[in-house]
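Going left to right, the sequence shown walks through residues 21 to 330 as this note's numbering numbers them. Virtual Cβ for every residue (Gly too), placed ideally from N, Cα, C. Heads up, the thing below is written out as structure tokens.
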Amino acid sequence: MADEWFAEPPYGGVQQRYRVLERLYSQTTPWQTLEVLDLEGPGRALILAGTLQTSLNEEFTYHEPLVHVALFAHPNPHRVLIIGGGDGGALRHVLLHPSIDRALEVEIDQAVVEASLRFLPEISGGAYSDQRAELKIDDGARFLAETSERFDVILVDSTDPVGPAAALISPEFLQHARHALAPGGLMAMQSGSPVSQPREFLATVRAFKNTFRIVKPYLGYVPIYPAMLWSWVIGSEEVDPTSYDDVSVRNRLEQLRESLRIYSPAVHRAAFALPRYVQSLLELTDRDLDKPPTAAELRAAGHPLPGVVA
Ligand code: SAM
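In structure tokens:
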């Protein structure tokens with residue numbers, strides 16, 4: 021019988037695909053299509069709205085940069101808000117930090133949590149049972165608009181900014197997030213790929229620049245994501261995530277309940293060292309980006325795939 025493949029949506033004439041070993045689950049939730057496939061390479065994987073979200077073998081490549089760069093950039097985080105993150109991976113990584121007293125996850129789709137616990141329990145690793153954790157099924161945008169709680173770190177671990185996640189890039193959302201940060205707090209969010217989604221990357225960074233005094237994008241490699249080179253962005257009024265106390269981070273890193281496979285002080289520092297073409301792309305956010313950059317502007321910035329559309 022011919023091999024079956026799962027393919028990510030194409031970008032700039034490129035498409036990544038994975039051999040399907042088994043189709044385990046599929047449903048249409050009130051928010052999105054949801055599938056669990058066993059893929060050669062990534063292993064069991066969660067797919068939402070047709071795009072790979074996370075997988076048993078590779079979850080750390082996304083959750084470590086999102087969670088640990090942000091938490092180690094904060095001198096002493098106690099209260100963390102996660103928006104999205106229904107697979108529980110970000111929650112598990114947050115709770116590795118002994119300084120955390122409270123980790124609240126606001127996930128819009130209960131079905132994602134249920135399917136992740138049923139088919140991919142290793143990703144949350146029991147985090148939802150930790151007495152410091154709370155799961156709230158709600159729209160993260162609505163929660164932030166209404167909450168009076170304050171957080172040291174806010175992590176947005178959402179799907180791409182379409183569908184239910186479209187609200188998570190609006191100026192109102194980001195202003196509500198800034199308001200919900202405790203003094204010295206910071207916010208981190210995935211900002212797509214500078215290679216396969218340059219316009220999404222720039223729009224997210226620009227939205228952060230319109231909201232926070234300090235904005236620092238950083239990079240990492242997520243093999244199951246389009247073009248693999250991925251980005252996150254940190255915004256804060258007071259904290260510069262590129263300047264942190266190396267000795268303190270080393271001491272705190274040794275207190276984590278498990279050793280990490282990516283994060284180290286050196287990786288933290290290197291993540292913010294952006295290739296020159298990414299720096300050139302970011303200069304486009306300093307002008308009035310009322311319309312996304314054209315293919316010619318991407319090419320002029322040295323972008324490797326000017327034909328991309330996202
Ligand atoms: N953690 C995964 C990864 O490694 O990239 C992907 C993120 S997680 C599965 C994305 C979650 O964001 C989904 O469960 C989705 O339901 C949730 N989400 C999307 N829009 C949301 C919103 N407005 N409020 C709360 N959660 C939202």
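Rounded separation between residue i and residue j - CA only
i    : j    : result
L175 : I234 : 16 Å
R296 : S168 : 41 Å
R152 : P324 : 44 Å
E55  : I67  : 5 Å
I103 : L41  : 31 Å
G146 : G204 : 30 Å
A315 : E79  : 32 Å
P62  : N271 : 32 Å
E317 : T48  : 39 Å
P118 : R162 : 29 Å
L59  : G183 : 25 Å
S256 : R43  : 42 Å
L86  : A291 : 11 Å
V259 : A93  : 8 Å
D159 : A165 : 10 Å
L206 : R319 : 33 Å
D266 : R289 : 10 Å
Y31  : V242 : 16 Å
T179 : A185 : 6 Å
V215 : V34  : 11 Å
D23  : T53  : 23 Å
A286 : T81  : 16 Å
A330 : I189 : 15 Å
Residue from the options whose Cα sits closest to the Cα of residue i
i    : options                   : result
W51  : H88, Y297 and I157        : I157
T10  : F26, P313 and T262        : Outside the displayed range of the chain (21 to 330) lies residue 10, so it cannot be described from this structure.
G105 : L59, E154, P97 and T262   : E154
D150 : L115, V126 and A135       : L115
S211 : P191, P237 and L137       : P237
M209 : A90, R170, G63 and F139   : A90
W250 : V298, E192 and F171       : V298
L101 : L111, F292, L44 and V269  : L111
S46  : F139, S119 and F92        : F139
A202 : P95, R270 and P85         : P95
H83  : A290, L239 and A330       : L239
E278 : L86, V328 and H113        : H113
E338 : L44, P326 and A223        : The structure shown has nothing for residue 338, since the chain only spans 21 to 330.
I170 : A200, P243 and L164       : Residue 170 is actually Arg in this sequence, not Ile. It is A200 whose Cα lies nearest to the Cα of R170.
I120 : A330, A135, H98 and S136  : H98
R281 : L57, M21 and H88          : H88
Y264 : L276, S284 and W252       : S284
P326 : Q217, V253, D306 and A293 : Q217
G322 : A330, P313 and L301       : L301
V328 : S213, I254 and T305       : S213
E134 : L124, R122, A123 and Y148 : Y148
Below-9 Å beta-carbon distance, residue i vs any chain C residue
i    : result
A227 : No chain C appears in the structure shown, which is made up of a single protein chain.
Handout entry: the region 69 to 88 touching the region 96 to 111, judged by at least three CB pairs closer than 8 Å
Key = Output reads yes: the region 96 to 111 touches the region 69 to 88.
Problem - Contiguous beta strand (DSSP E) assignments of at least 3 residues, all confined to the region 196 to 228 - result: The qualifying runs are 201 to 210.
Handout entry: Validate contact between the region 246 to 263 and the region 122 to 129 using beta carbons, cut 8 Å, 3 pairs
Key = Touching, no.
Exercise for the section: Report yes or no: do the region 192 to 207 and the region 218 to 235 share at least 3 C-beta pairs separated by less than 8 Å? Expected result: Touching, per the Cβ criterion.
Handout entry: Runs of alpha helix (DSSP H) lying entirely within the region 28 to 80, each at least 4 residues, in chain order
Key = Counting only unbroken stretches of 4 or more residues, no alpha helix (DSSP H) element lies wholly within the region 28 to 80.
Practice task
Any chance you could list the alpha helix (DSSP H) runs of at least 4 consecutive residues sitting entirely within the region 116 to 189, in chain order?
Solution key: As far as the region 116 to 189 is concerned, its whole alpha helix (DSSP H) runs of at least 4 residues are 130 to 139, 141 to 144 and 160 to 166.
Exercise for the section: Ignoring anything shorter than 4 residues or poking outside the region 223 to 306, list the alpha helix (DSSP H) runs there in chain order. Expected result: The region 223 to 306 contains these whole alpha helix (DSSP H) runs: 266 to 274, 285 to 291 and 296 to 303.
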